[in-house]
Structure formats: structure tokens, C-alpha cells
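The block underneath contains the structure these notes are about, expressed in C-alpha cells.
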Amino acid sequence: HQGEFHIISGYRSPATNNMLNKKSSGVAKRSYHMRGKAIDVRLPGFDTSQLHKAAISLKGGGVGYYSSSNFVHLDVGRVRYW
Numbered sequence: 033h034q035g036e037f038h039i040i041s042g043y044r045s046p047a048t049n050n051m052l053n054k055k056s057s058g059v060a061k062r063s064y065h066m067r068g069k070a071i072d073v074r075l076p077g078f079d080t081s082q083l084h085k086a087a088i089s090l091k092g093g094g095v096g097y098y099s100s101s102n103f104v105h106l107d108v109g110r111v112r113y114w
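Under the working numbering, the very last position in the sequence shown is 114; numbers go up by exactly one each time.
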């Protein structure tokens, strides 16, 4: 895939993370975003579920898929996926 990608979320302040946590059950209280070690990303025109599978195959950290939000979460923590 070539082209642009959209960063949905990168670094988050604790205040921003807390606000998002109150709005959504999918936001971790101790998110890697607050340490600048996570990104939520979307590739326009590319199937998000395929991006999720490709990221998992790299075995390089945390990979989360949020189909209703149409983005994939990537972080540098231990290898895990959801």
C-alpha cells in the first residue's frame, strides 16, 4: 500500500486520556499513549482488518483493532493483540 495515512491519536496528556477513558471503555487508564509509545492509525482506502493482521504478523508490540472506529492501535509494549 502506498499513499497517505491518518494518525488518529499519538501522545496524550493524562488529562486527555482521562477524558477519553470516561467516554469509552476501550481507553486504558495507563495507556502507552501517555508515554508517547503508542499511535492509532488509519490508511484511507485500505481495509483496517487487513492492517490489523499485517501488524500482528510483525510481532513487535501491542496491536488493537477497533472496527467501529476504523483504526488500528500500535504500541511498543509486550506482544499482544485484541
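For every residue, glycine included, the Cβ atom is placed at its ideal position computed from N, Cα and C.
**OP:** Apply the 10 Å Cβ neighbour rule to Phe37 and answer buried if 16 or more other Cβ atoms are within range, or exposed otherwise.
**Re:** exposed
- Just grab the DSSP bridge partners of Val104 for me. Val73 and Tyr97
Practice problem: Please specify which runs of the beta strand (DSSP E), each continuous and at least 3 residues long, are wholly inside the segment 40–94, giving them in chain order. | Solution: 70–74
request  = Count the CB pairs spanning the segment 88–108 and the segment 56–76 that are closer than 8 Å, and state whether there are at least three.
outcome  = yes
Are there 16 or more other CB atoms within 10 angstroms of the CB of Ala86, so buried, or fewer, so exposed?
exposed
Original post:
For Gly92, which of Gly35, Gly77, Tyr113 and Ser81 has the nearest alpha-carbon?
Top reply: Tyr113
- [ ] Rank Val108, Gly77, Leu90 and Val95 by C-alpha distance to the C-alpha of Gly35 and give the top, closest one.
- [x] Gly77
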